[in-house]
Amino acid sequence: MKFSRLGIAVTTATAFSFMSLVGCQTQGSNAADMVMRNGYVYTVDGQNSVQQAIAVTAGKIVYVGSEAGVAAFVGPQTRQLDLGGRMLMPGCSDAHMHPGDGGRAMTLCDLKYQTMTRKVFQERIQGCLDAEPDKGPDVWLEVGSWDRMGMDGLDGDPDKSTLDALRTKRPIQVRSSDFHTVLVNSRGLALAGIDKHTVDPGDGKFARDSAGNPTGICEDGAAESMAAVVPPASDAQKLIQTRAALDAMRQQGITSFFDALSGAESAKAFTQLQQSGELTSRALLAIKLDPAAAAADPAKTIAEAKALAATYDQGDAQPAPGVSMRHVKLFMDGIINAPADTGAMLTPYLQNSGTEKAPKWTPGKNLGELYFPPQTLNPLLLRAVQAGLDPHLHATGERAVRASLDSVEYVRRQLPGSDFRPAIAHAESVDPADYPRFKALDVTATMSFQWAQQAPSTIDGTHEHLGSARFARMEPSGSIANAGGRIAYGSDWPVDPLDEFLALKIGVTRAGDPLNPHSYGPEYAGKLNGDPALSRSEVLRAITLNAAQQLKLEAVTGSLEVGKFADLIVLKRNFMQVPEAELGRNEVLLTVVGGKVVWAKAPFVGLDPQALPQASQASVTPTAQ
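First residue of the sequence shown: -2, per my numbering; consecutive thereafter.
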């Protein structure tokens, strides 16, 4: 994929000439390479100050302030941009996502996150099969973005028979949108060698019928082992997928991202694109740690992670985006959503001991799954931190969150004064006693705000399985923040569609937007629960400076301050001023990374980075919209 929407055609000399971000300043002058003025410059500094203008030289910010003050930075060669009153803010730092999977999902048979019955599910997949009549019987069909939880709420959880009924001999693998479940047909199970004698992995399970035969539902580690049976993408295919992911990200204004489940394959692709000048966002990659390997030999596990990191990490950040690999990822548990119920809880999930027509929800025996017990986790995290690797822990259930906090506390006692940056991702259910521990232990809560809206996956099933008390405190971003904890935002894309401003809207309102196609209809328009909302300034800080702090980038990005990299975006609508209901209906008009334009749309079309060094001297004054 090319830089598809950067402004391919240059229509006038002035359309693309506002900035040339090579060294333009003259000897002994303050003249900047670029000045952006007449804007609503939301800085995210210590006071969340609003300014009017900004100046950039050699990819760094050299001035933030008033219209009058920026005049001193305008020289004969300075490229100027009149913002026309539009909001300029730091670029988005997405602190938890899966861009490799996101790019790959864009090339699969796509169910588009839609809630559907099993009949419609079958029809959609059959359509994908029919569209590939030339594929042989051993070629896998991969299906993505399946709303398993929504389907379960409509007419029950499918199994292998649902796929076996389709007209094909091909193996089929369907991945749920939460990326914790894979559904496989009988042909796929046979090719993978999965039968009643197969032992469950330590961090997952194969669902089984009463006779012990696998049903086709594979959870967590079992899902990953099944996914590994599918031949990996070639290097060329991986580059196509990664380019697609970067294209999607720059349109969303993402100037830094944290790949929360990476490895050599993704690192190689991002590195190659960085070397070819196609990396348009700062790439920070996390290495997944395996529970069984960690339990057997924690020293070896961390040594292997450190060796992989050393292969791809490019050192200190520079104005031009690079690749960093300094984190490890641990799945502490699964998900708290029905019907999986694999998130580790302090008290059991509820089960229906009555009938479908007369349900009676009572505590069962299922406490979910805790994949890293303390005797494994403590020495593992200690060795990781000693090796210079920051831990990023997936924990959705309150028992997993507490175990993660306990282990961070252990490491802090062992290494007092160590500047490591632990983060707990998702934290969907947290015991109130643990809210203040995020601040006390300096742990970032990396939250996906879009989950704090009503949806079929939460209202229709998960509510009953959790019970009213736990559901009332589900997605506790506000409670953790009110207890002093640092909140960062992570989209978890492609678990959800990539829609940063819808997520920020939900962070503020605790409710979706029926007019947004990535949200849900009017029947799901109310607030999720009564947990406190965040303010507009808090959600913007979560996706900028707080995310940068999680990633140890706060000295160079995350806010618009002198000395930091010029990572910034221009919005169509002012996030601080539009009505609450419209917060998610925004667009990024311009994305700049290290002083270089990587995305532009009307009225900035034509600011093609390939043309910038040859741009003629002029100013651009776009028309207001």
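Beta carbons: idealized from backbone N, C-alpha and C, even for Gly.
Output yes if chain B places a C-beta closer than 9 Å to the C-beta of residue i; else output no.
{"i": "residue 531", "result": "Protein chain content of the structure displayed is limited to a single chain, and chain B is not contained in it."}
I think residue i touches residue j, with their Cβ atoms under 8 Å apart; what is that distance to the nearest whole Å?
{"i": "residue 251", "j": "residue 91", "result": "5 Å"}
{"i": "residue 85", "j": "residue 567", "result": "5 Å"}
{"i": "residue 173", "j": "residue 145", "result": "4 Å"}
{"i": "residue 485", "j": "residue 443", "result": "5 Å"}
{"i": "residue 406", "j": "residue 438", "result": "6 Å"}
{"i": "residue 381", "j": "residue 299", "result": "5 Å"}
{"i": "residue 590", "j": "residue 88", "result": "7 Å"}
{"i": "residue 477", "j": "residue 435", "result": "5 Å"}
{"i": "residue 432", "j": "residue 480", "result": "4 Å"}
With a Cβ-Cβ cutoff of 9 Å, do residue i and residue j count as a contact?
{"i": "residue 40", "j": "residue 558", "result": "yes"}
{"i": "residue 330", "j": "residue 366", "result": "yes"}
{"i": "residue 240", "j": "residue 262", "result": "no"}
{"i": "residue 458", "j": "residue 149", "result": "yes"}
{"i": "residue 167", "j": "residue 132", "result": "yes"}
{"i": "residue 452", "j": "residue 141", "result": "no"}
{"i": "residue 378", "j": "residue 413", "result": "no"}
{"i": "residue 119", "j": "residue 186", "result": "no"}
{"i": "residue 474", "j": "residue 504", "result": "yes"}
{"i": "residue 318", "j": "residue 253", "result": "yes"}
{"i": "residue 126", "j": "residue 138", "result": "yes"}
{"i": "residue 35", "j": "residue 69", "result": "no"}
{"i": "residue 258", "j": "residue 493", "result": "no"}
{"i": "residue 235", "j": "residue 210", "result": "no"}
{"i": "residue 426", "j": "residue 342", "result": "yes"}
{"i": "residue 281", "j": "residue 243", "result": "no"}
{"i": "residue 592", "j": "residue 316", "result": "yes"}
{"i": "residue 333", "j": "residue 385", "result": "no"}
{"i": "residue 462", "j": "residue 368", "result": "no"}
{"i": "residue 38", "j": "residue 52", "result": "no"}
{"i": "residue 324", "j": "residue 283", "result": "yes"}
{"i": "residue 112", "j": "residue 156", "result": "no"}
{"i": "residue 249", "j": "residue 585", "result": "yes"}
{"i": "residue 422", "j": "residue 340", "result": "no"}
{"i": "residue 583", "j": "residue 601", "result": "no"}
For residue i, is the classification buried or exposed, using 16 other Cβ atoms within 10 angstroms of its Cβ as the cut-off for buried?
{"i": "residue 603", "result": "buried"}
{"i": "residue 30", "result": "buried"}
{"i": "residue 472", "result": "buried"}
{"i": "residue 19", "result": "Confidence is the limiting factor: at residue 19 the pLDDT is only 31, short of 50, which leaves the residue's position unreliable and the question unanswerable from this model."}
{"i": "residue 21", "result": "Because residue 21 carries a pLDDT of 36, less than 50, the predicted location of this residue cannot be relied on, and no value is offered for it."}
{"i": "residue 286", "result": "buried"}
{"i": "residue 25", "result": "Note that residue 25 scores a pLDDT of 44, beneath 50, so its modelled location is shaky and nothing firm can be said."}
{"i": "residue 206", "result": "exposed"}
{"i": "residue 231", "result": "exposed"}
{"i": "residue 482", "result": "buried"}
{"i": "residue 273", "result": "exposed"}
{"i": "residue 545", "result": "buried"}
{"i": "residue 217", "result": "buried"}
{"i": "residue 278", "result": "buried"}
{"i": "residue 512", "result": "exposed"}
{"i": "residue 23", "result": "Confidence at residue 23 is low in this model, with a pLDDT of 38, below 50, so its placement is unreliable and no value can be given for it."}
{"i": "residue 577", "result": "exposed"}
{"i": "residue 221", "result": "buried"}
{"i": "residue 359", "result": "exposed"}
{"i": "residue 410", "result": "exposed"}
{"i": "residue 429", "result": "exposed"}
{"i": "residue 288", "result": "buried"}
From the DSSP secondary-structure annotation, give me the bridge partner or partners of residue i.
{"i": "residue 593", "result": "590"}
{"i": "residue 91", "result": "254"}
{"i": "residue 86", "result": "566"}
{"i": "residue 33", "result": "51 and 78"}
{"i": "residue 72", "result": "For residue 72, which the question treats as bridged, DSSP gives no partner whatsoever."}
{"i": "residue 57", "result": "54 and 562"}
{"i": "residue 357", "result": "Paired residue(s): none; residue 357 is not in a bridge."}
{"i": "residue 348", "result": "359"}
Under 8 Å: does the beta carbon of residue i sit that close to some heavy atom of the ligand MN?
{"i": "residue 583", "result": "What this structure holds is no ligand at all, so the ligand MN is not there to describe."}
Length at least 4, wholly inside the segment 218 to 269: the alpha helix (DSSP H) runs in chain order = 218 to 224 and 232 to 248
request  = Please specify which runs of the alpha helix (DSSP H), each continuous and at least 4 residues long, are wholly inside the segment 370 to 456, giving them in chain order.
outcome  = 371 to 383, 395 to 411 and 434 to 437
ask   = Quick one: complete beta strand (DSSP E) runs, 3+ long, within the segment 125 to 196?
value = 138 to 143, 169 to 173 and 178 to 181
task = Could I get the ranges of all uninterrupted beta strand (DSSP E) runs contained in the segment 100 to 128, with 3 residues as the minimum, in chain order?
result = none
Unbroken stretches of the alpha helix (DSSP H), 4 residues or longer, contained in the segment 256 to 331 = 261 to 272, 288 to 293 and 295 to 309
query = At what residue ranges does the segment 498 to 573 contain a whole run of the beta strand (DSSP E), taking only runs of 3 or more?
reply = 565 to 568
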